[in-house]
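Numbering (full-length UniProt numbering), first residue to last: 1 to 612.
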Ligand SMILES: Nc1nc2c(c(=O)[nH]1)N[C@H]1C(S)=C(S)[C@@H](COP(=O)(O)OP(=O)(O)OC[C@H]3O[C@@H](n4cnc5c(N)ncnc54)[C@H](O)[C@@H]3O)O[C@H]1N2
Ligand code: MOO
Ligand SMILES: [Mg+2]
């Protein structure tokens, strides 16, 4: 397969000064990488300056390897938008129909696409395309040309044989099924034919996207529910806490204008009593308990430790006490509304912990259900037995359903419905189609890899889901799949129990938290730096997420890997406090060593297993 170099030129005054803001350029690079095998990308960011743009474009056009240049930005109506003006003089041929194809695709999404003046054309052997500057527009424009590019390049390069084959393919007259060399990765997924859909290319048609990109995609696609945020922000307390002046101590309530010394105990006040309004003399006091209402005419409480009992009456009740400290106004009294005033915000900040949410509402007497995303679980596999069933030859016990349900509960979400389905295309299709009407998220395990019974991807396609990715460059969890249809989201976790465990934590949980309104930074698990205790771990070609247990040695955190890390061995989650992020193997770094520091995702609240 031939290698081609793409040039991605971001044209924006803002991005020139702050390259980190260049989202459209970065997105284009990612799209090129995902769509074209063997592609290289060179990139630059320039301000909206005609001369500078032209100079850079000319330099790239003159390079033999650069076959496509895509600019992003500077195509609008603003005075400084000059990208088309900089591009046009360099073009040998206009490609108006390509410009039209891009415009038509974009116009379907927004009428504002009419305000882009981008041009397309051929300069030497290079195809030059002007895209607008927004990330969304770039995605749409790229989609419009993605399938056309390989053939366009074959034509520009005058590659007669490849052009003929493409024509034959388009006209349905291709002689053989043998691979027509194609640069573009195929979209179509067939349960029985993997790869490009034929028997020659047996590879997955899904590019392996990096973990961070997969998470970015998920959090871009999933809609954040701001309603619960707003609800929390707007909720005002209907009551004062405390609703009366409450004693902070067990002791004696009295007037501060009085004195220390002997006082008569006139009554006893317990928590739950009404406010006592009887007049009180300076030489009198009430015995009072913590949390009880302070009588109207008392203004301080002296704790029992600072008093001495002098006398009891004939019924055994205290009648005289010696007050050993000077009574001071307000001493040990919580004023009305001290903790929360009526009309105050109940939640000073958004906090999604059910413990926090439910207890605060209870404290102000509000009974309200916390709105949480609705989640359903599907486990697929004709080999699965429910844990209560007797063992059967050829079958295994289903651990994923229980694990996912418990994980949801652990993180404060619940499972609305769970289904266990056999590997049967029609059955999965019917069940998923019904389930998706009742929940926001489906977390499914199994059936996402390369087998002829792995039906999940084809079912998603048949149900008109958009498959955002179908493989991730990670171990375990490679076939991790994410799809959406409107505001319904589908997580296809791999069937191996540990793969499901890891991908739940890294992808499904952040997505559900995001939908629940959590802050972006708090959606993934917390990440810490940790020192590795094991030595000479062979790194995998994929970045690996090893289950490890944490030991605190003199306050420093160390991680030891939990035995065999094969993705079927669920025992590796026993005592697993963290997932250590080990990088993919390189020639320079084939192994991880003891004492090296790695990032680790914290799996649980009580994440330190041992102290030494
Ligand atoms: N030719 C290839 N084969 C496989 C690849 C590949 O790239 N090329 N990827 C492997 C990887 S990595 C993984 S992970 C698995 C993922 O497989 P699926 O998601 O298709 O899952 P299944 O095939 O249905 O099951 C895999 C494995 O897990 C067991 N399983 C499934 N569900 C449960 C459950 N609920 N409880 C317990 N165990 C379960 C199942 O019996 C299988 O042993 O694919 C590799 N193959
Ligand atoms: O990546 Mo698979 O998830 O190795 O087991
Ligand atoms: Mg499979």
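The beta carbon of each residue, even a glycine, is placed where N, CA and C say it ideally should be.
Check your understanding: With a cut-off of 8 angstroms, do at least 3 Cβ pairs link the region 203-222 to the region 312-326?
Key -> The region 203-222 makes no contact with the region 312-326; the number of CB pairs closer than 8 angstroms stays below 3.
Exercise for review: State the start and end residues of the unbroken alpha helix (DSSP H) segment that holds residue 141.
Suggested key: Within the chain shown, the letter at position 141 stands for residue 141. Segment 135-146, the alpha helix (DSSP H) holding residue 141.
Practice item. Tell me whether residue 390 counts as near ligand 2, meaning its Cβ is closer than 8 angstroms to at least one heavy atom of that ligand. Key: Within the chain shown, the letter at position 390 stands for residue 390. Checking the 8 angstroms criterion, the Cβ of residue 390 is out of range of every heavy atom belonging to ligand 2.
Check your understanding: Which residues bound the alpha helix (DSSP H) around residue 404?
Key -> Here residue 404 is taken as the residue at index 404 of the chain shown, counted from 1. First-last of the alpha helix (DSSP H) with residue 404: 400-410.
Exercise for review: Assuming residue 468 contacts residue 484 (C-beta within less than 8 angstroms), just tell me the rounded distance between them.
Suggested key: Reading the chain shown from its first residue, position 468 is the one you call residue 468. Reading the chain shown from its first residue, position 484 is the one you call residue 484. Yes, residue 468 and residue 484 are in contact; Cβ-Cβ is about 7 angstroms, under 8 angstroms.
Practice item. Would you list the residues whose beta-carbon is nearer than 6 angstroms to any heavy atom of ligand 2, in the order they occur in the chain? Key: The answer, residue by residue, is 475, 476, 477, 478, 494, 496, 499, 567.
Point to revise | residue 454 Cβ short of 8 angstroms to ligand 3 heavy atom set | key: As a working note, residue 454 is residue 454 in the chain shown. Residue 454 Cβ: within cutoff of ligand 3.
Review point. What is the rounded straight-line gap between the Cα of residue 52 and the Cα of residue 9?
Key: Within the chain shown, numbered from 1, the residue matching residue 52 stands at position 52. Within the chain shown, numbered from 1, the residue matching residue 9 stands at position 9. Taking the straight line from one Cα to the other gives about 11 angstroms.
Practice item. Indicate the three-state DSSP secondary structure (helix, strand or coil) for residue 601 in the structure shown. Key: Here residue 601 is taken as the residue at index 601 of the chain shown, counted from 1. Annotated three-state conformation of residue 601 is strand, per DSSP.
Review point. Does ligand 3 have a heavy atom nearer than 8 angstroms to the CB of residue 546?
Key: The sequence position of residue 546 within the chain shown is 546, counting from 1. Incorrect: residue 546 has no Cβ contact closer than 8 angstroms to ligand 3.
Check your understanding: Hey, would you say residue 302 sits closer than 9 angstroms to residue 331, going by beta carbons?
Key -> Along the chain shown, one-based indexing puts residue 302 at 302. Along the chain shown, one-based indexing puts residue 331 at 331. Yes.
Check your understanding: Quick one: Cα of residue 493 to Cα of residue 91, how far?
Key -> Stepping through the chain shown from its first residue, residue 493 is reached at position 493. Stepping through the chain shown from its first residue, residue 91 is reached at position 91. Using only the alpha carbons, I get a separation of about 48 angstroms.
Review point. The beta strand (DSSP E) spanning residue 483 covers which residue range?
Key: Taking the chain shown and counting its residues from 1, the one referred to as residue 483 is at position 483. Residues 481-485.
Review point. Does the Cβ of residue 433 have 16 or more other Cβ atoms within 10 Å, making it buried, or fewer, making it exposed?
Key: Position 433 of the chain shown, counted from the start, is the residue given in the question as residue 433. Exposed is the call here.
Point to revise | Distance between residue 88 and residue 67 (C-alpha atoms, nearest Å) | key: What you label residue 67 is simply residue 67 of the chain shown in a count that begins at 1. What you label residue 88 is simply residue 88 of the chain shown in a count that begins at 1. Going by the C-alpha atoms only, they are around 17 angstroms apart.
**Study point:** Any C-beta of chain B under 9 angstroms from that of residue 461
**Key:** Although the question refers to chain B, the structure presented lacks it and comprises just one protein chain.
Exercise for review: Leaving aside the five residues before and after residue 462 along the sequence, list all residues of the same chain whose C-beta is less than 8 angstroms from its C-beta, in chain order.
Suggested key: Taking the chain shown and counting its residues from 1, the one referred to as residue 462 is at position 462. Within the same chain, residue 462 has close Cβ partners 429.
Exercise for review: State the CB to CB distance for the pair residue 425 and residue 479, rounded to an integer number of angstroms; the pair is presumed to be in contact (CB under 8 angstroms).
Suggested key: The count along the chain shown starts at 1 and reaches residue 425 at position 425. The count along the chain shown starts at 1 and reaches residue 479 at position 479. Rounded, the Cβ-Cβ distance is 17 angstroms, inconsistent with contact.
Check your understanding: Near residue 19, what residues of its chain come up, given a Cβ to Cβ distance below 6 angstroms and the 5 sequence neighbours on each side ignored?
Key -> As a first step, residue 19 is located in the chain shown; it is residue number 19 there, counting from the start. Closer than 6 angstroms at the Cβ level, and outside the excluded window around residue 19, lie 45.
Check your understanding: With distances taken between CB atoms, is the gap from residue 250 to residue 304 smaller than 9 angstroms?
Key -> On the chain shown, residue 250 is found 250 positions in, with the first residue counted as 1. On the chain shown, residue 304 is found 304 positions in, with the first residue counted as 1. Yes, the Cβ-Cβ distance between residue 250 and residue 304 is below 9 angstroms.
**Study point:** In chain order, each alpha helix (DSSP H) run of at least 4 residues that lies wholly inside the region 48-127
**Key:** 50-61, 83-87, 96-109, all fully within the region 48-127.
Exercise for review: Have a look at 135, 447, 41 and flag the residue whose alpha-carbon is nearest the alpha-carbon of residue 72.
Suggested key: Taking the first residue of the chain shown as position 1, residue 72 is located at position 72. When 135, 447, 41 are compared, the shortest CA-CA separation from residue 72 is found for 135.
Check your understanding: For ligand 1, any of its heavy atoms closer than 8 angstroms to the Cβ of residue 241?
Key -> Your numbering for residue 241 matches position 241 in the chain shown. Outside the cutoff, so no.
Exercise for review: Using the DSSP secondary-structure output, state which residues sit across from residue 565 in a beta bridge.
Suggested key: Sequence index remark: in the chain shown, residue 565 carries index 565 (1-based). DSSP output for residue 565 lists no bridge partner at all.
Practice item. Can you give me the start and stop residues for the alpha helix (DSSP H) that residue 216 sits inside? Key: On the chain shown, residue 216 is found 216 positions in, with the first residue counted as 1. Here the alpha helix (DSSP H) through residue 216 covers 211-221.
Check your understanding: Where do the ends of the alpha helix (DSSP H) carrying residue 25 lie?
Key -> By one-based count along the chain shown, residue 25 stands at place 25. In the DSSP assignment, residue 25 falls within the unbroken alpha helix (DSSP H) covering 23-35.
Review point. Where does the unbroken beta strand (DSSP E) through residue 445 begin, and where does it stop?
Key: Here residue 445 corresponds to residue number 445 of the chain shown, with the count starting at 1. Going by DSSP, residue 445 is part of the beta strand (DSSP E) stretching over 441-445.
**Study point:** ligand 1 heavy atom lying under 8 angstroms from the CB of residue 489
**Key:** Counting from one through the chain shown, the residue named residue 489 turns up at place 489. For residue 489, the Cβ stays outside the 8 angstroms cut-off from all heavy atoms of ligand 1.
Review point. Where in the region 530-580 do unbroken runs of the beta strand (DSSP E), each at least 3 residues long, occur, reported from the N-terminal end onward?
Key: When DSSP assignments are scanned along the region 530-580, the uninterrupted stretches of beta strand (DSSP E) that are 3 or more residues long and fall wholly within it turn out to be 544-553, 556-561.
Point to revise | Separation of residue 298 from residue 558, as counted between CA atoms | key: For the purposes of this step, residue 558 is taken as the residue at position 558 of the chain shown. For the purposes of this step, residue 298 is taken as the residue at position 298 of the chain shown. Rounded to whole angstroms, residue 558 to residue 298 spans 57 angstroms at the Cα level.
Exercise for review: Using 10 angstroms around the beta-carbon of residue 454, count the other beta-carbons present and answer buried if the total reaches 16, otherwise exposed.
Suggested key: Within the chain shown, numbered from 1, the residue matching residue 454 stands at position 454. Buried, since its Cβ has 16 or more Cβ neighbours within 10 Å.
Check your understanding: Leaving out five residues before and five after residue 597 in sequence, what residues of the same chain have Cβ atoms less than 6 angstroms from its Cβ?
Key -> Position 597 of the chain shown, counting from 1, holds the residue named residue 597. The answer, listed in chain order, is 529, 531.
Review point. Looking at the unbroken alpha helix (DSSP H) that takes in residue 469, where does it start and where does it end?
Key: Mapped onto the chain shown, residue 469 falls at position 469. Taken as a continuous stretch (DSSP letters only), residue 469 belongs to no alpha helix (DSSP H), being part of the beta strand (DSSP E) at 466-469.
Review point. Excluding five sequence neighbours on each side, which residues of the same chain lie with their C-beta closer than 6 angstroms to the C-beta of residue 268?
Key: As a first step, residue 268 must be located in the chain shown, where it is residue number 268. Cβ-Cβ distances below 6 angstroms link residue 268 to 287 in the same chain, with the five nearest sequence neighbours on each side left out; the list follows chain order.
Review point. Is residue 446 near ligand 3, with its Cβ less than 8 angstroms from a heavy atom?
Key: Counting from one through the chain shown, the residue named residue 446 turns up at place 446. Proximity of the beta carbon of residue 446 to ligand 3 is indicated: a heavy atom of the ligand is located closer than 8 angstroms.
Point to revise | Whole-number beta carbon distance between residue 106 and residue 152, since they are thought to touch under 8 angstroms | key: If you number the chain shown from 1, residue 152 lands on position 152. If you number the chain shown from 1, residue 106 lands on position 106. Residue 152 to residue 106, Cβ: 19 angstroms. No contact.
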